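See structure below.
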Amino acid sequence: ETGVTQSPTHLIKTRGQQVTLRCSSQSGHNTVSWYQQALGQGPQFIFQYYREEENGRGNFPPRFSGLQFPNYSSELNVNALELDDSALYLCAFEGQMVADTQYFGPGTRLTVL
Amino acid sequence: GQSLEQPSEVTAVEGAIVQINCTYQTSGFYGLSWYQQHDGGAPTFLSYNALDGLEETGRFSSFLSRSDSYGYLLLQELQMKDSASYFCAVRGPNNAGNMLTFGGGTRLMVKP
Chain A
733 ETGVTQSPTH LIKTRGQQVT LRCSSQSGHN TVSWYQQALG QGPQFIFQYY
783 REEENGRGNF PPRFSGLQFP NYSSELNVNA LELDDSALYL CAFEGQMVAD
833 TQYFGPGTRL TVL
Chain B
30 GQSLEQPSEV TAVEGAIVQI NCTYQTSGFY GLSWYQQHDG GAPTFLSYNA
80 LDGLEETGRF SSFLSRSDSY GYLLLQELQM KDSASYFCAV RGPNNAGNML
130 TFGGGTRLMV KP
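Rendered as structure tokens:
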């Protein structure tokens, strides 16, 4: 168990709607990353937050935004949903003992109809 | 930018040994990681190589050759529970820590 939780586990939305996904860690790491994983593909980096500020971003449009709170929990917001946004959304907190290690939550499966 | 290539699928029998290869292209290299993901589950960290050579962790080993931009994951004494997808990953896209670029994954099917 990684101690990383995400909610909700599943979500169904329609095109044009907005969605908020949530992530938290029992251990309170100060760096959280979000990834999008389409079916049959590897996770793709969306962005990372460090001490409540965006610390890096992948190739995703501005309608993907995030927040990190003082307790290090985090939200991913997606506006104007498109069909291609259907995917598993994973958050991850950094590992402490080994470089480049990330501890992933179980993910939120988003379906856009 | 970063890109990683892996075979899409590998099949092996229980008790056998299987090797999953990964070739990469990066603008800056810090190390190669391996993750396992069961269907419906989260990726879980398996191993990390920053230097050339073999890293062994129980039944799993990982190898890196920086001069060849190549690595592999070796799974020994395969068990049915090893059926999963395996991803190699490098730091990126910004070469900052803890942001990973993943390969497309190799789906391993272990048969009795």
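In the order they appear, the protein sequences are chains A and B.
Each step along the first sequence adds one to the number in our numbering, with nothing skipped, and position 111 is 843.
Each step along the second sequence adds one to the number in our numbering, with nothing skipped, and position 30 is 59.
Each residue gets a CB set at the ideal place from its N, CA and C atoms; glycine is no exception.
In this text, all values refer to a predicted model and were calculated from it rather than measured experimentally.
With respect to the 8 Å criterion, Arg789(A) and Val810(A) are not classified as neighbours on the basis of their beta carbons.
Residue Pro775(A) holds the alpha-carbon nearest to the alpha-carbon of Ser114(B) among Pro775(A), Gly798(A), Glu807(A) and Gly837(A). Two segments are said to touch when three or more pairs of C-beta atoms, one from each, lie closer than 8 Å; by this definition the stretch 95-109 of chain B does not touch the stretch 747-763 of chain A.
For Ser56(B), the secondary structure class from DSSP, reduced to helix, strand or coil, is coil. About 12 Å separates the beta carbon of Leu137(B) from that of Val42(B), a gap too long to meet the 8 Å contact definition. At a beta-carbon threshold of 9 Å, none of the residues of chain A lie near Phe89(B); the nearest stands roughly 14 Å away.
In the structure shown, Met138(B) adopts extended strand secondary structure according to DSSP, grouped into three states. Taking Leu753(A) as the centre and dropping the five residues before and after it, the same chain places the C-beta of Leu808, Tyr821 and Thr840 closer than 6 Å to its C-beta, in chain order. In the three-state reduction of the DSSP assignment, Arg789(A) falls in the strand class. Against Met128(B), the close residues of chain A are Ser765, Phe777, Gln780 and Gly788, in the order they occur along the chain (beta-carbon pairs closer than 7 Å). Ser112(B) sits away from Ser91(B), with the two beta carbons spaced by 8 Å or more.
Pro793(A) does not reach chain B, its nearest Cβ partner there being about 15 Å away, counting only Cβ pairs nearer than 7 Å. Just so you know, the alpha carbons of Arg88(B) and Tyr64(B) end up roughly 15 Å apart.
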